[in-house]
Amino acid sequence: MHKKTIEKKEKDENKISMINFLTIEKKWQKSWAEKKVFQISEKSNKKKFYVLEMYPYPSGSGLHMGHAFNYTIGDIYARLKRMQGFNVLYPMGYDSFGLPAENAAIKAKSHPKKFTEEAIKHFIEQQKAIGLSYDWTRIVETHKSDYYRWDQWIFLKMFEKGLAYRKKSPVNFCSKCNTVLANEQVHDGKCWRHTDTKVEIKQLEQWFLKITDYANELYDNLDLLKEWPERIKAMQKNWIGKSYGTQVDFEINGKIWPIFTTRADTIYGVTFMVISAQHPRLYEIVTREQKKEVDKFVNKIKSTSEKDLEGLEKEGAFTGSYAINPITKEKVPVYTGNFVLAEYGSGMVMAVPAHDQRDFEFAERYKIPIKIVIQPENQNLNLNSMKEAYVADGKLVNSQEFNGLNNREAISKITELLEKKKLGKKTTQFKLRDWLISRQRFWGTPIPIIYCEKCGIIPVPKKDLPVKLPDDINFTSERNPLIGYDKFVKVKCPKCNGNAKRETDTMDTFVNSSWYFLRYCDSKNKKEIFDKKKANYWCPIDVYIGGAEHACMHLIYFRFYTKFLRDLGLLNFDEPTKRLFNQGMLHGEDGYVMSKSRGNVVLPEEVSKTYGIDTSRLFLVSMASPDKDVEWSSSGIEGSLKFIYRIFDYYNNLKSKLGKSSLRLESRLNKVIKEITSDLEQFRYNLAIIKLRQVFESMENEKQISKKDAESFLKLLHPFCPHITEELWHKIGNKTFVSKEKWPSYDDKKINEELEKQEQQVNQTIEDIKNIIKIMKEKQNKIPEKVYLYLIPKELALYKEFNEIIEKSLNLKINISAVNDFKKYDPQNKAQKAKPGKPAIYLE
RNA sequence: GCGGAGGUGCCGGAGCGGUCUAACGGGCUAGGCUUAGGACCUAGUGGCUUAGUGCCUUCUCAGGUUCGAAUCCUGGCCUCCGCACCA
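Spelled out as structure tokens, the structure:
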């Protein structure tokens, strides 16, 4: 073998052995744990900062690169804030109740606890291997009774305040989950977990939390959440669905039936009423003669779920009753119909066929009169030619004293009249419905309620909490094993000591996640849910990171819980998190979302073997802005690896470079410190990395660097690559943890744009030379060997400084002389072309 | 239908009034180094032109504002994502 080859090979091998990623990672993970580097306490005079990622469901299949992406985003932020001198709360926990573990238990005839705890163990190992800087002493696991007892405690508090109640109503049922679901968990008529399973409607008596009591605040406060993505706020607004309108009291058979409308201006156009076929009081107004017809219709409706009604033809049946319009005193027929929602408004509408498309279709079908009460400006509506309802604005007609009025004005005028006559009022309606929390499943928080034959519904006394899930239970069937498990079910009534039964339903797991962020503040408290002082010190969360899929579930619920706990006097803030960051989804190389079933998952532990976890972290956030979906690329990570190699090379040979940084390098560094800091704070990680690359290139091009500047670069890199930077930090002679070092500061005075310009000038010269070389090759078929630069004397020093860089980038010798140097070599008299900022060039 | 986000070179993705053929990365092409390959390094990557120049064409499309637009305004087209008979 050639000597050179051997050298090369040695160098290569040296490189590989030099970066044994796994050894480095393990070493620092161990060291961080031993020295409790990330443990924090509220006893600190630093300012607090709370970074939180949505805690995971500990699935049996462990975590993949998509999770790693999510946690890395938070870890980078937490590390930045820690270095910036904040007292950072950055915890992790597990949403460990839930169906998959229970289903696994049923399959294996085992206990879900076993699966859950194994999965958590695996998760923790994997998360530690990613280098996430959690304070592991604060871990929260929702399946542990020292956590869920406080779910029960909150439930009882809500019960006391009338916010937890039991009601029979039509509810969503998923046959795959074998339980009911909240409205929020029904997506497009399907179960959120089983997107191919249609939700059925069942009439059941269930437990609800009265989230609607907070509907208004939940809606209005969205405007105060300046640091939430617009998209999420829009989705929540949509979901809560606030609309302003008028309550109008119609009279049917001597009774008042209030209805809600946003179009009080059309009240003179009401020609019939429609009550929802699912309305609980429907039969109060069905006459004997019409009962058969209504029954027939209602039965037909029953077989189709509420969500399925979409796109159906408007259908209904006459109830036999008539309603009296409070303004006109006209009698109009009341129908029942399939297009009126029982749960919205009052479940009944006043129908104005001329100005509402649904009413129009219904009226056409049942030959009900249509009455025009709004005429557009430049068009004349005519009953005979009307093909659809006119829903836009116009002037009122056929409306007695309101004729001629603009319809928008008429809304408030007519409402005022109704208010004056006490026949209605201005009101607000919400789409949001109460939160159904009962689940007919085992693996969740037991609802702390006892049913007594004599006393009825009795809450479990707080001193008896927690109501624990039994460990010694057999999963033999699909059914919730609590049913019929006497040790659990049979109890004495806390009130009369008579025979009673426990509720066997458990709570929706979204209950657990509605307040877990508060428990992190005081996770080991055995006496109370949390120490008020601690929670109010750490909270609200400063940055909350998670996927957008929770926009109308968790992200609404946890706002609701926060407000409730505030009203209990436990919290002194209104919103759980100031800032919300939605990370994008990591897709596999095939372009699809990473999932086990698709077989496109990339495992961090696999990638780490060859590239190191820091390389993966760096790569994950360098691809694009972290709020965008990104695709994993096995060739892309090579680019990050190259960068890591260069950094290692640089710091391994740092000694030979230590000295004084040039003004130019100082300027560069100060500039990027400034920019990178703000990029990181705004989650523009991808841009920060580009700047890191650029400044590193400048470092490589400089002969010398000060120790401080060399250290600054490592600090800037640290949030992305915590293990490697820790390693290099020590390699260059430090004994501290870079994790705990102070984030580099910058000095605006040191940022010198003039120096940047000079460098640009030199680069321009290099470009020019290259261009000439190209032309020489093409036109003259000559390859130049030497470059002569003629400079105005003032620029001589600059080009001498860059001499080496220019030679390196051209791979040619250059010869620099001043234009006024008589002895210079200039056969073609090029020197005269030199100008300030632009040297003359001669090649040969 | 309502609401939100977008459309940039071969690809991912920056830029959001001049310094833009447009950062950075990937890919590709060529060259160097190598017995060879890989790795690594260097260069090129809209077109024409030129001893370092000049010109044209480009940032979804069509108009407009401006001395000047990828960037601002108006309108169209397309994509993605929520919600959807909510009275």
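Counting from 27, one number per residue, gives the positions in the first sequence under the working numbering.
We treat Cβ as the ideally placed atom computed from N, Cα and C, and that holds for glycine.
Item                                                                                                                                                                     : Value
Which same chain residues end up closer than 8 Å to Thr454 when comparing Cβ atoms and leaving out the 5 residues on each side of it in sequence?                        : Asn242, Lys268, Ser269, Tyr270 and Gly271
Quick one: Cα of Lys856 to Cα of Thr641, how far?                                                                                                                        : 50 Å
Can you tell me which of Pro770, Lys74, Gly665 and Ile663 puts its alpha carbon nearest to the alpha carbon of Pro566?                                                   : Lys74
Would you tell me roughly how many angstroms separate the C-alpha atoms of Thr142 and Val537, rounded to the nearest one?                                                : 18 Å
Start and end of the alpha helix (DSSP H) containing Tyr103?                                                                                                             : Met91 to Met109
Under three-state DSSP, which class holds Val515?                                                                                                                        : helix
What separation, rounded to the nearest whole angstrom, lies between the Cα atoms of Trp469 and Phe123?                                                                  : 6 Å
Provide the residue span of the alpha helix (DSSP H) that contains Trp658, from first to last.                                                                           : Neither: Trp658 is in no alpha helix (DSSP H) and is coded neither H nor E.
Check the C-beta distance from Ala380 over to Lys397 and give it rounded, since I have them as a contact under 8 Å.                                                      : 6 Å
Which residue's Cα is closest to the Cα of Thr588: Ala208, Ile473, Tyr240 and Tyr173?                                                                                    : Tyr240
Mind checking who Arg528 pairs with in its DSSP beta bridge?                                                                                                             : Ile476
Can you give the Cα-Cα distance for Leu407 and Tyr348, rounded to whole angstroms?                                                                                       : 28 Å
Enumerate in chain order the residues of its own chain whose CB-to-CB distance from Ser661 is below 8 Å, with the five nearest sequence positions on each side excluded. : none
Using only CA atoms, which one of Glu51, Ile400 and Ser67 lies nearest to Ala561?                                                                                        : Ser67
What is the DSSP secondary structure of Pro379, reduced to helix, strand or coil?                                                                                        : helix
Compare the Cα-Cα distances from Ile154 to each of Met611, Phe365 and Glu631 and report the closest residue.                                                             : As written in the sequence, residue 154 is Lys, which differs from the Ile given in the question. For Lys154, the nearest C-alpha among the options comes from Glu631.
For the beta strand (DSSP E) containing Lys61, list its first residue and its last residue.                                                                              : Per DSSP, Lys61 belongs to no beta strand (DSSP E) and is neither H nor E.
Could you check what DSSP says for Ser269 in three-state terms: helix, strand or coil?                                                                                   : strand
Judging by CA-CA distance, which residue of Lys734, Asp534, Ala860 and Lys552 is the nearest neighbour of Pro472?                                                        : Asp534
Within 10 angstroms of the Cβ of Ser539, are there 16 or more other Cβ atoms? Answer buried if so, exposed if not.                                                       : buried
Applying the criterion that 16 or more other CB atoms from any shown protein chain within 10 Å of the CB defines a buried residue, is Glu332 buried or exposed?          : Caution applies to Glu332, whose pLDDT of 48 falls short of 50 and renders its modelled position unreliable; the model cannot decide the point.
Here's a check: name, in chain order, each residue in its chain whose Cβ is nearer than 6 Å to the Cβ of Leu335, leaving out the five neighbours to either side.         : For Leu335, the predicted structure reports a pLDDT of 48, less than 50, and the residue's modelled location is therefore unreliable. A value from the coordinates is still provided. Answer for Leu335: Asn364, listed in chain order.
With H, G and I counted as helix, E and B as strand and the rest as coil, what does DSSP make of Thr205?                                                                 : strand
Ordered along the chain, which non-local residues of its own chain (more than five positions away) have a Cβ less than 8 Å from that of Leu654?                          : First, the residue type needs correcting, since residue 654 is Lys and not Leu in the sequence shown. The residues are Gly610.
Rounded to whole angstroms, what is the Cα-Cα separation between Ser503 and Asp512?                                                                                      : 17 Å
Looking at the structure shown, is Gln229 part of a helix, part of a strand, or coil, going by DSSP?                                                                     : strand
Determine the direct distance from the alpha carbon of Trp54 to that of Ile45, and round the result to whole angstroms.                                                  : 14 Å
Short of 6 Å in beta carbon distance, which residues of its chain neighbour Asn264, apart from the five on each side in sequence? Order them along the chain.            : none
Evaluate contact between the segment 283-302 and the segment 425-439, counting only Cβ atoms and requiring at least three cross-stretch pairs below 8 Å.                 : yes
Alpha carbon to alpha carbon, how far is Asp913 from His137?                                                                                                             : Nothing about residue 913 can be reported from this structure: the residues present for the chain run from 27 to 870 only.
Which word fits Tyr120, buried or exposed, when buried means at least 16 other C-beta atoms lie within 10 angstroms of its C-beta?                                       : buried
Would Leu106 and Trp769 be called neighbours here (beta carbons separated by less than 8 Å)?                                                                             : yes
Which residues mark the beginning and the end of the beta strand (DSSP E) in which Met299 is found?                                                                      : Phe298 to Ser302
Per DSSP, Cys547 forms a beta bridge with which residues?                                                                                                                : Cys547 is not bridged to any residue.
Check whether the Cβ atoms of Asp852 and Tyr868 lie closer than 8 Å to each other.                                                                                       : yes
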